[in-house]
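**Q** Numbering-wise, the numbering used here comes out as the position in the sequence shown, counting from 1, plus 19. Here a beta-carbon is modelled for each residue, glycine too, at the ideal position from N, C-alpha and C.
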Amino acid sequence: MIKINAIYIRLTFLLLLLALFFVKPEFESVTDPELLVIYIFFFFITTFTHLLSEKDNKNWFRLDVMFLLGYSIVHFQWPIMFSISGIYPEKFAKVSMSSFYVNYGTWLAAVGATSWCLGHSLLAIKTISREIGYSFDYKKLLWLTVVLNVLFLSTAGSDYLSGGVYKGSGGSAAGEGISAYFQLLLAIAILVITAIVILDNKSKFKFNSIIWLLSLDKKYLFLIISYILLFFSIGDRGASIQVIFAFLVLFGCLIRPIKFIELIAMTVIGSLLLTIIGLGRSAKDGGNILSSGLDNFQMTSGYDITLELADSVRTLYNALSAVPQYHDYFYGKLWLDKVLSIVPFAQNIYLQLSEDVAYEMGSSAYITYLKFGLYPPSGEGTSLVADIFLNFGLIGVLFCLFLLGVFFKKLENELKLQQSYYWMVIAALLASMAFYLGRGSLFDPLRMIVWGLGLSAFFVERRKKSV
């Protein structure tokens, strides 16, 4: 029965893909609300089909749910606002809904989502033959984390640590130089420890989440709470969100399923909190982040709390306006920055030894160049579909998102089987960024995974034990 249902689900995704190609728009065309409604409808049918195929999974804080939720906000919120609610962006410089590429971009995002779901459906759900437990000694990694924290705080700079960088006081965020590497290593080390602590204590859960949480290693609890509060106080939301999401995904998969109503409550509360922090960190009234954010917070529609994430769709329209009309596909060249980032400072060395330019090594840099030229005042970022399209076009979106869906399902299977510690670490690292992968590059997780596995291999002692 399971195999028959799986076949029907795969056929459904294939038929949805074929149907999407029957309603494919012209590459350039005036924005048509009726067309957008069709593509949005296809996306929701695809998403609901996927979720219904996972109805036996009582946990809702999963890798696939986080990815699809973030992907939908990035690629479909503005088309929904425009086509259904008639809402235009206030700043047309950020998101131009009059662009000739909105129809095609929305269609392309629907095709990509359907291909992802097809890939996700192809791997069969495996059963657990014999669960394997682990015992860990992570003292070395814990001490390394303390050292990394000190190094990061001593090199990040006062503008960053005070939050002044977000208030226009000058200086730069901890995104360059040695402090960026310390921050990244610190984040990865904490994520690896999170995976270890949850694995090490999963057998201690006795129906009460609070009691279980308080029973965890006190040094770990102090570390993770301090880390989250530090970055929230600075106004850097990303670092805190990574740890929270990784913890909740592993908790939901390994400890206790997180119910749908709990997911909704977390989404609303979290979105409001992050919106307030975002407003507060850029306010110049001299107040703290929370009070400034509350003073500046105004909700005019239900869309407001995810507006910053949704604005990333502008990068897809920018990409479509340039490639392939004015520049050929990059055939993987725009992933160079992510591949080289595995080795510290390799990007700078590569640029010095080659004739390439920095803005043609990554989709984010290229899209920023398209808008601002050689001397940009800020970065534009990228989005998943734009990143793949710039490299390989429509075929690339179909193939790469299909493979990404397979990879997500592989990780979800490994979380259920719990046969390999290293897959648990990879799951924690991907969970930390699954929600935001929709506005990133396909290879954004690569460096975190490689470095995380390296830290696990060298600083964590473990042994398997049958349970």
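(1) Using DSSP's beta-bridge definition, name the partner residues of residue 460.
(2) Looking at the ligand SAH, does it come within less than 7 angstroms of residue 339, judged from the CB to the closest heavy atom?
(3) Could you give the DSSP three-state label for residue 190: helix, strand or coil?
(4) Just curious, the alpha helix (DSSP H) that residue 43 is in, first and last residue?
(5) Could you give the distance in angstroms between the alpha-carbon of residue 192 and the alpha-carbon of residue 29?
(6) State buried or exposed for residue 111, treating a residue as buried only when at least 16 other CB atoms are found within 10 Å of its CB.
(7) Do you know whose CA, among 175, 400, 346, 256, lies nearest residue 335's CA?
(8) Excluding the five sequence neighbours on either side, which residues of its own chain have a C-beta within less than 6 angstroms of the C-beta of residue 58, listed in chain order?
(9) In terms of residues, what are the limits of the alpha helix (DSSP H) holding residue 69?
(10) Could you pull out every residue in the same chain whose Cβ sits closer than 7 angstroms to the Cβ of residue 80, ignoring the five residues on either side in sequence?
(11) What did DSSP end up calling residue 402 once you bin it into helix, strand or coil?
(12) Going residue by residue through the segment 345-428, where are the continuous alpha helix (DSSP H) segments of at least 4 residues, counting only ones entirely within it?
(13) For residue 94, count neighbouring C-beta atoms within 10 Å of its own C-beta (all shown protein chains included) and say buried if the count is 16 or more, exposed if not.
(14) Residue 339: buried (16+ other C-beta within 10 angstroms of its C-beta) or exposed?
(15) Is it the case that the Cβ atoms of residue 382 and residue 365 are separated by a distance below 8 angstroms?
(16) Just curious, the alpha helix (DSSP H) that residue 98 is in, first and last residue?
(17) For residue 78, is the classification buried or exposed, using 16 other Cβ atoms within 10 angstroms of its Cβ as the cut-off for buried?
(18) Taking only the alpha-carbon atoms, compute the straight-line gap between residue 184 and residue 52 and give it to the nearest angstrom.
(19) If you run the structure through DSSP and keep just helix, strand and coil, what is residue 289?
(20) State buried or exposed for residue 24, treating a residue as buried only when at least 16 other CB atoms are found within 10 Å of its CB.
(21) Please report the residue range of the alpha helix (DSSP H) in which residue 275 lies.
(22) What alpha helix (DSSP H) runs, 4 residues minimum, are completely inside the segment 227-282?
(23) Assuming the contact rule is C-beta atoms closer than 8 angstroms, residue 214 and residue 443 should be a hit. Round their C-beta distance to whole Å, please.
(24) Below 8 angstroms on the Cβ atoms is my guess for residue 238 versus residue 163; work out the distance and round it to an integer in Å.
(25) If you check the beta carbons only, do residue 420 and residue 131 fall under 8 angstroms apart?
(26) Less than 8 angstroms between the CB atoms is what I'm expecting for residue 465 and residue 361, so what's the real figure, rounded?
(27) Helix, strand or coil: which one does DSSP assign to residue 224?
(28) Identify the continuous alpha helix (DSSP H) that holds residue 76 and give its terminal residues.
(29) Measuring straight from C-alpha to C-alpha, what distance separates residue 455 and residue 82?
(30) Quick check: the Cα distance between residue 50 and residue 458, rounded to an integer number of angstroms?
(31) Considering only the beta carbon of each residue, do residue 453 and residue 96 sit closer than 8 angstroms?
(32) Name the residue from 341, 411, 261 whose alpha carbon lies nearest to the alpha carbon of residue 85.
(33) Do the segment 233-248 and the segment 34-42 meet, that is, are 3 or more Cβ pairs less than 8 angstroms apart?
(34) Applying the 10 Å Cβ sphere with the 16-neighbour rule, what's the burial state of residue 71?
(35) If you run the structure through DSSP and keep just helix, strand and coil, what is residue 27?
(36) Which residues bound the alpha helix (DSSP H) around residue 324?
**A** This is what the structure gives:
(1) Numbered from 1 along the sequence shown, position 441 holds the residue referred to as residue 460. Answer is none; residue 460 lacks a bridge partner.
(2) Because no ligand of any kind appears in the structure shown, any question about the ligand SAH cannot be addressed here.
(3) Here residue 190 is taken as the residue at index 171 of the sequence shown, counted from 1. In this prediction, residue 190 scores a pLDDT of 43, lower than 50, which makes its location untrustworthy; the coordinate-derived value is nonetheless stated afterwards. In this structure, residue 190 counts as coil in the three-state DSSP scheme.
(4) The count along the sequence shown starts at 1 and reaches residue 43 at position 24. No alpha helix (DSSP H) holds residue 43; DSSP gives it neither H nor E.
(5) The residue given as residue 192 occupies position 173 in the sequence shown. The residue given as residue 29 occupies position 10 in the sequence shown. Here residue 192 scores only 47 on pLDDT, less than 50, and its place in the model should not be relied on; the value that follows carries that caveat. CA-to-CA, the gap between residue 192 and residue 29 works out to about 45 angstroms.
(6) Here residue 111 refers to the residue found at position 92 when the sequence shown is read from its first residue. Caution applies to residue 111, whose pLDDT of 48 falls short of 50 and renders its modelled position unreliable; the value that the coordinates give is listed next. Taking every protein chain shown into account, the CB of residue 111 has fewer than 16 other CB atoms within 10 angstroms, so this residue is exposed.
(7) The residue labelled residue 335 in the question sits at position 316 within the sequence shown. For residue 335, the nearest C-alpha among the options comes from 400.
(8) Here residue 58 corresponds to residue number 39 of the sequence shown, with the count starting at 1. Taken in chain order, the residues that qualify are 125, 126, 129.
(9) The sequence position of residue 69 within the sequence shown is 50, counting from 1. Note, residue 69: alpha helix (DSSP H), 52-72.
(10) On the sequence shown, residue 80 is found 61 positions in, with the first residue counted as 1. So the qualifying residues of the chain are 267, 268, 271, 277, 282.
(11) Reading the sequence shown from its first residue, position 383 is the one you call residue 402. Here residue 402 sits in coil by DSSP.
(12) With a minimum length of 4 residues, the unbroken runs of alpha helix (DSSP H) contained wholly in the segment 345-428 fall at 355-359, 365-372, 382-391.
(13) If you number the sequence shown from 1, residue 94 lands on position 75. Within a 10 Å sphere around the beta-carbon of residue 94 sit 16 or more other beta-carbons, which makes this residue buried.
(14) Numbered from its first residue, the sequence shown carries residue 339 at position 320. Under this definition residue 339 is a buried residue.
(15) Within the sequence shown, the letter at position 363 stands for residue 382. Within the sequence shown, the letter at position 346 stands for residue 365. It is not a contact, given that the beta carbons lie outside the stated cut-off.
(16) By 1-based counting over the sequence shown, the position of residue 98 is 79. Per DSSP, residue 98 is one residue of the alpha helix (DSSP H) stretching across 82-102.
(17) Position 59 of the sequence shown, counted from the first residue, corresponds to residue 78. Burial call: buried.
(18) Position 165 of the sequence shown, counted from the start, is the residue given in the question as residue 184. Position 33 of the sequence shown, counted from the start, is the residue given in the question as residue 52. With a pLDDT of only 47 at residue 184, under 50, the local geometry of the prediction cannot be trusted, and the value read off the model is given with reservation. Cα to Cα, residue 184 sits roughly 40 angstroms from residue 52.
(19) Position 270 of the sequence shown, counted from the first residue, corresponds to residue 289. Reduced to three states, the DSSP call for residue 289 is helix.
(20) Along the sequence shown, one-based indexing puts residue 24 at 5. Sixteen is the threshold: since fewer than 16 other Cβ atoms of the shown chains lie within 10 Å of the Cβ of residue 24, the residue is exposed.
(21) Taking the sequence shown and counting its residues from 1, the one referred to as residue 275 is at position 256. No alpha helix (DSSP H) contains residue 275, which DSSP labels as neither H nor E.
(22) Annotation: the segment 227-282 contains the following complete segments of the alpha helix (DSSP H) (minimum length 4 residues), in chain order: 228-233, 237-253, 256-269.
(23) Position 195 of the sequence shown, counted from the start, is the residue given in the question as residue 214. Position 424 of the sequence shown, counted from the start, is the residue given in the question as residue 443. Contact holds; Cβ gap of about 5 angstroms.
(24) Within the sequence shown, the letter at position 219 stands for residue 238. Within the sequence shown, the letter at position 144 stands for residue 163. At roughly 13 angstroms, the Cβ-Cβ gap does not stay under 8 angstroms, so residue 238 and residue 163 are not in contact.
(25) Within the sequence shown, numbered from 1, the residue matching residue 420 stands at position 401. Within the sequence shown, numbered from 1, the residue matching residue 131 stands at position 112. At a Cβ-Cβ threshold of 8 angstroms, residue 420 and residue 131 count as neighbours.
(26) As a working mapping, residue 465 is identified with position 446 in the sequence shown. As a working mapping, residue 361 is identified with position 342 in the sequence shown. Taking C-beta atoms under 8 angstroms as the contact rule, residue 465 and residue 361 qualify, at a distance of about 7 angstroms.
(27) Residue 224 sits at position 205 when you count from the first residue of the sequence shown. It is coil, neither helix nor strand.
(28) Locating residue 76 in the sequence shown gives position 57, counting from the first residue. First-last for residue 76: undefined, no H or E at that position.
(29) Here residue 455 is taken as the residue at index 436 of the sequence shown, counted from 1. Here residue 82 is taken as the residue at index 63 of the sequence shown, counted from 1. Approximately 12 angstroms between the Cα atoms of the pair.
(30) Reading the sequence shown from its first residue, position 31 is the one you call residue 50. Reading the sequence shown from its first residue, position 439 is the one you call residue 458. Each residue's CA atom was taken as its position, placing residue 50 and residue 458 some 22 angstroms apart.
(31) Position 434 of the sequence shown, counted from the start, is the residue given in the question as residue 453. Position 77 of the sequence shown, counted from the start, is the residue given in the question as residue 96. Going by C-beta atoms, residue 453 is not nearer than 8 angstroms to residue 96.
(32) Translated into positions along the sequence shown, residue 85 becomes position 66. Of all alpha-carbon atoms in 341, 411, 261, the one lying nearest the alpha-carbon of residue 85 is that of 261.
(33) No, they do not touch.
(34) Numbered from 1 along the sequence shown, position 52 holds the residue referred to as residue 71. Burial call: exposed.
(35) The sequence position of residue 27 within the sequence shown is 8, counting from 1. Here residue 27 carries a helix assignment [DSSP, helix/strand/coil].
(36) For the purposes of this step, residue 324 is taken as residue 305 along the sequence shown, with counting starting at 1. Judged by DSSP secondary structure, residue 324 falls outside any alpha helix (DSSP H); it is assigned neither H nor E.
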